[in-house]
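Working notes, beginning with the structure itself.
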Ligand code: ADP
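Residue numbers (full-length UniProt numbering): 253 to 607.
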C-alpha cells in the first residue's frame, strides 16, 4: 500500500532486486539438487550427501517452478530503512529488537525459556508504520525476508495458493534465518465464512498447518511477523498463534513533529520552530501516513504560485511556508476514526504487550 513510484520499495516482484541477485545462484543450486535427489535412488550416495544436499531434501516435493515464483515475487531485500526513519514508536521498536533483532544476532543468548516468540503481531490503525517496521527489520537484520500480502495469497495465486503456501514455508526453512512478513494477517486467520470459495478455504487451512509446523523445531529460526488493522477479528486460536502482540499507535506530538522534520529536511522551507510545533499540535489524530500526505500537499503550495512553468527554474520556487501547511490542513484530514481507535486501544488493553 505504500509502494513508491520510484520503485525504491518495490523489491517485491522486481527481478533485479538485491535479494534476487544474491539468492539466484543458490536457488539454481537448489533446483539442481532437487532433480538430483529425485533421480537418485541410490542410498549409498545419499549417505555421502553433504549438508547442502540435506537442506535440499526439504524441497524435494516442491515444484521448482514454485521456488522460482517465490524467489521473484516474495523474497525481498527492501531498500535501506533505518530505525531513525521510523518516527516515534519507541516502545514498539524496543520490543521488536528483543523479539526479532537480538535473537537473530545472538541466538545463543535466546535459548530455552528465553527462546523468542515464533509469531509477532503488529496491530494498529492503518498508516502507522507497521509495514515500515517490517521493512526495517528486513533491512537491518540480514535475515531472508518474505513479504506477503494475505490478499495476494487468496487472489493472485488462486488455484495454486495451497501449494504455494507449502512451498513458501519450505523455502523459508531452507533459507533460515527467515522473517516472514504477512500483511492483512486477519484475513488468513479469521473464521472461515460460508460463502468462501473452496480454494480460499484450502489456502487458509494449509496456512494454519504450516504456521503450526513452524514452531515445532527449536532450531528453526523462522519468525512470523503479522500485521493487521483489524485485530478484533482474530479469535482466540489466532491470537495463540501470535503470542507476542504489539500495538503500533498513532504518532504522538513528538512523533508527528519528527515526521514533518524528516520530510522537510531536504526541502527549502521557512518554517520556524514554533510554527513546526503548532503544526504538531494541530495534527492531533493524524496517522504517520496522514502526516506524509499533509507534508506532500504543503510542499505543492509553492508550485501553485508559478504561472509560467515552461520558463520556471528551481530558483523560482519559493520556500515552503507556514501558510502552505495551513492550507494543507484544510485539505488533508485524519483518516482514522475515533471508533477505530477505541477498538485498538481496547484490544491493546486486553491482549497487547509492551516489551
Ligand atoms: P501500515 O501501518 O498501514 O503498515 P505503513 O508502514 O505502510 O503503514 O505506513 C505508510 C506510510 O506512512 C509510510 O511509508 C511512511 O511514509 C508513513 N509513516 C507511517 N508511520 C510512520 C512513522 N512512524 N514514521 C515515519 N513515517 C511513517
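No residue lacks a Cβ here, since even glycine has one placed at the ideal position from N, Cα and C.
For residue i, I'd like the list of residues in its chain whose CB is within less than 7 Å of its CB, leaving aside the five on either flank, ordered along the chain.
{"i": "residue 380", "result": "500, 501, 502, 539 and 540"}
{"i": "residue 454", "result": "414"}
{"i": "residue 403", "result": "436 and 439"}
{"i": "residue 603", "result": "491 and 497"}
{"i": "residue 459", "result": "417 and 440"}
{"i": "residue 518", "result": "none"}
{"i": "residue 599", "result": "375, 483 and 484"}
Only counting the same chain, and skipping five residues up and downstream in sequence, which positions put a Cβ closer than 6 Å to that of residue i?
{"i": "residue 356", "result": "393, 395 and 429"}
{"i": "residue 498", "result": "344, 347 and 374"}
{"i": "residue 334", "result": "none"}
{"i": "residue 569", "result": "554"}
{"i": "residue 527", "result": "574"}
{"i": "residue 546", "result": "580 and 584"}
{"i": "residue 571", "result": "520, 521 and 522"}
{"i": "residue 510", "result": "339"}
{"i": "residue 505", "result": "532"}
{"i": "residue 463", "result": "493"}
{"i": "residue 593", "result": "none"}
In whole angstroms, what separates the C-alpha of residue i from that of residue j?
{"i": "residue 401", "j": "residue 577", "result": "34 Å"}
{"i": "residue 535", "j": "residue 321", "result": "43 Å"}
{"i": "residue 337", "j": "residue 487", "result": "33 Å"}
{"i": "residue 520", "j": "residue 513", "result": "12 Å"}
{"i": "residue 560", "j": "residue 352", "result": "53 Å"}
{"i": "residue 360", "j": "residue 354", "result": "10 Å"}
{"i": "residue 285", "j": "residue 418", "result": "Note on residue 285: pLDDT 32, under 50, position unreliable in the model; the coordinate value appears next. Cα to Cα, the separation comes out at about 19 Å."}
{"i": "residue 452", "j": "residue 406", "result": "6 Å"}
{"i": "residue 358", "j": "residue 367", "result": "11 Å"}
{"i": "residue 377", "j": "residue 493", "result": "21 Å"}
{"i": "residue 544", "j": "residue 531", "result": "13 Å"}
{"i": "residue 391", "j": "residue 370", "result": "20 Å"}
{"i": "residue 382", "j": "residue 339", "result": "12 Å"}
{"i": "residue 350", "j": "residue 591", "result": "31 Å"}
{"i": "residue 309", "j": "residue 427", "result": "13 Å"}
{"i": "residue 389", "j": "residue 332", "result": "10 Å"}
{"i": "residue 317", "j": "residue 461", "result": "22 Å"}
{"i": "residue 489", "j": "residue 557", "result": "57 Å"}
{"i": "residue 221", "j": "residue 562", "result": "Only positions 253 to 607 of the chain appear in this structure, which leaves residue 221 out of reach."}
{"i": "residue 313", "j": "residue 362", "result": "32 Å"}
{"i": "residue 612", "j": "residue 589", "result": "It is not possible to answer for residue 612, since the shown part of the chain is limited to 253 through 607."}
{"i": "residue 564", "j": "residue 311", "result": "59 Å"}
{"i": "residue 495", "j": "residue 601", "result": "15 Å"}
Comparing C-alpha positions only, which one of the options sits nearest to residue i?
{"i": "residue 549", "options": "536, 459 and 573", "result": "573"}
{"i": "residue 482", "options": "441, 585 and 350", "result": "441"}
{"i": "residue 473", "options": "432, 459, 405 and 449", "result": "432"}
{"i": "residue 477", "options": "516, 590 and 387", "result": "387"}
{"i": "residue 475", "options": "489, 452, 318 and 425", "result": "425"}
{"i": "residue 605", "options": "416, 372, 382 and 531", "result": "372"}
{"i": "residue 542", "options": "507, 565, 525 and 408", "result": "507"}
{"i": "residue 516", "options": "551, 332 and 323", "result": "551"}
{"i": "residue 412", "options": "362, 315, 365 and 385", "result": "315"}
{"i": "residue 319", "options": "598, 525, 463 and 423", "result": "423"}
{"i": "residue 364", "options": "323, 471 and 341", "result": "471"}
{"i": "residue 323", "options": "489, 562 and 398", "result": "398"}
{"i": "residue 586", "options": "524, 537 and 593", "result": "537"}
{"i": "residue 342", "options": "385, 311 and 312", "result": "385"}
Kindly list the residues whose CB is nearer than 8 Å to the CB of residue i, restricted to its own chain and excluding five residues on each side of it in sequence; keep chain order.
{"i": "residue 465", "result": "421"}
{"i": "residue 434", "result": "400, 401, 402, 440, 476, 477, 478 and 479"}
{"i": "residue 596", "result": "375, 376, 377, 483, 499 and 501"}
{"i": "residue 567", "result": "none"}
{"i": "residue 529", "result": "509"}
Can you find a C-beta in chain B that's less than 8 Å from the C-beta of residue i?
{"i": "residue 558", "result": "Of the protein chains in the structure, only one exists, and it is not chain B."}
**Request:** Can you check the stretch 309-343 for any alpha helix (DSSP H) of at least 4 residues that lies completely inside it and give the ranges in chain order?
**Result:** 316-325
**Item:** Unbroken stretches of the beta strand (DSSP E), 3 residues or longer, contained in the UniProt domain "AAA+ ATPase" (368-504)
**Value:** 371-375, 396-401, 430-435, 474-480 and 496-499
**Message:** Restricting to runs no shorter than 4 residues, where is the alpha helix (DSSP H) found entirely within the stretch 574-598?
**Reply:** Within the stretch 574-598, the complete alpha helix (DSSP H) runs of at least 4 residues are 574-583.
**Message:** Restricting to runs no shorter than 3 residues, where is the beta strand (DSSP E) found entirely within the stretch 541-580?
**Reply:** none
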